[in-house]
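Taken in sequence, the protein lines are chains A and B.
Residues in the first sequence are numbered from 116 upward in steps of one, following my numbering.
Residues in the second sequence are numbered from 1005 upward in steps of one, following my numbering.
Glycine included, every Cβ here is placed at the ideal spot set by N, Cα and C.
In this text the structure is predicted, and so the values were computed from the model without any measurement.
Taking it in order: structure first as structure tokens, then the write-up.
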Amino acid sequence: MDRALHLVRPGEPPPNKHLLPSSVLGMLLFIFTEVMLFAGFISAHTIARAGAQAWPPAGQPRLPFRETLINSAALLASGAILLVAHLAFRKRPADARGPAALALFFGLAFVIAQGREWVALIGEGLTLTSSTYGGFFYLIVGAHALHALGAILALAWALARLWRDRLSWAQFSTVAAFWYFVVLVWPVIYLKVYL
Amino acid sequence: MRRRVALLVSGALVLGPQVALACPMCFDPRAENRIAFAATAAVMTLLPLGMVGGLLLWLRRRARALNGEAANRNPDSPPPP
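In structure tokens:
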């Protein structure tokens, strides 16, 4: 073997394989880039809002912050329930099935409710091109919805494997980390975009 | 002659430029805009440092805890650095 591949010198302890699964580390690095993506969106939104004469602009509907608060509660509940499933998985993987399925259900409810909200807003004249306000709304909330859909698919995949007792701790932690990101970035979006 | 030209050129370069007042963070007439630029610049600068730094600190603490557990299980092994 090439000498350059020997990362551990003789006499040094071997690397600790229990420190963090590679898949979780990879997901964390991916999440860091996603956090920066959303930070960029929110920064641009903050600057556009500060420079605007009126927000929302004249003729544009106010975002339904009360209805969305209920959707947000469903998403936050989903994150908390997945955390319960995550903790249960460590003791007995079969115990995580119920909470994980419930978390998936709440996540789906959030995405469906957001979709209905979009249909209503488009009916009221708020579109991607109607104003900067509409453009930012669909860009930021749409990017989040895409992430939520991806995370739901990943969660559904994990749940299917969990039901067949073929899900490892590392796989579950990787999928859960992405879902926690989707859940935790939402309150920031809600506070900055909706209020 | 060369000296005079050099003095003229350097004098023009030093005295000629005007302050452009183009930086939105420093010279925007609206306080809201200045605050928004400063706040977002701070967030975008500190966020990646905080995330990477936080992960490294957490990994270091976890490695130390795991090394401590391993040393307790095997008292003959040398202490972690």
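Check, Outcome
"Between which two residues does the alpha helix (DSSP H) containing H201/A stretch?", "180-206"
"How should S1014/B be labelled, buried or exposed, when 16 other C-beta atoms within 10 angstroms of its C-beta is the threshold for buried?", "exposed"
"Does the count of Cβ pairs from the stretch 164-175 of chain A and the stretch 1007-1025 of chain B closer than 8 Å reach three?", "no"
"Would DSSP call M1089/B helix, strand or coil?", "The structure shown has nothing for residue 1089/B, since chain B only spans 1005 to 1085."
"Return helix, strand or coil for W294/A, following the three-state DSSP convention.", "helix"
"Please classify V300/A as buried or exposed, where buried requires at least 16 neighbouring CB atoms within 10 angstroms.", "buried"
"How big is the Cα-Cα spacing for G194/A and L1051/B?", "23 Å"
"So, with DSSP's three-state summary, where would you put L274/A?", "helix"
"Would you verify that the beta carbon of N1037/B is, or is not, closer than 7 Å to some beta carbon of chain A?", "yes"
"What is the DSSP secondary structure of H160/A, reduced to helix, strand or coil?", "helix"
"Rounded to whole angstroms, what's the CA-CA distance from A292/A to G1072/B? Just pull it up for me.", "27 Å"
"Does the count of Cβ pairs from the stretch 269-283 of chain A and the stretch 241-260 of chain A closer than 8 Å reach three?", "no"
"When you compare only the Cα positions, how much space is there between A1026/B and A159/A?", "18 Å"
"Do I267/A and I304/A count as a contact pair if the criterion is CB distance below 7 Å?", "no"
"Pick out whichever of I237/A, F296/A, V139/A, L241/A has its Cα sitting closest to the Cα of A263/A.", "F296/A"
"Indicate whether P214/A and V199/A have their beta-carbon atoms separated by less than 7 Å.", "yes"
"Within the continuous alpha helix (DSSP H) that includes W233/A, where are the two ends?", "212-238"
"Got a sec? Which residues, its chain only, sit under 8 Å from V139/A by beta carbon, not counting five neighbours each side?", "A285, S288, T289, A292"
"How many angstroms separate the CA atom of R231/A from the CA atom of L261/A?", "15 Å"
"Excluding the 5 residues preceding and the 5 following F1031/B in the sequence, name in chain order all residues of the same chain whose CB lies nearer than 7 Å to its CB.", "L1025"
"V298/A and L190/A look like a contact to me (Cβ under 8 Å); what is the Cβ gap, rounded to whole Å?", "6 Å"
"Going by C-alpha distance, which of H259/A, I237/A, W294/A is nearest R177/A?", "I237/A"
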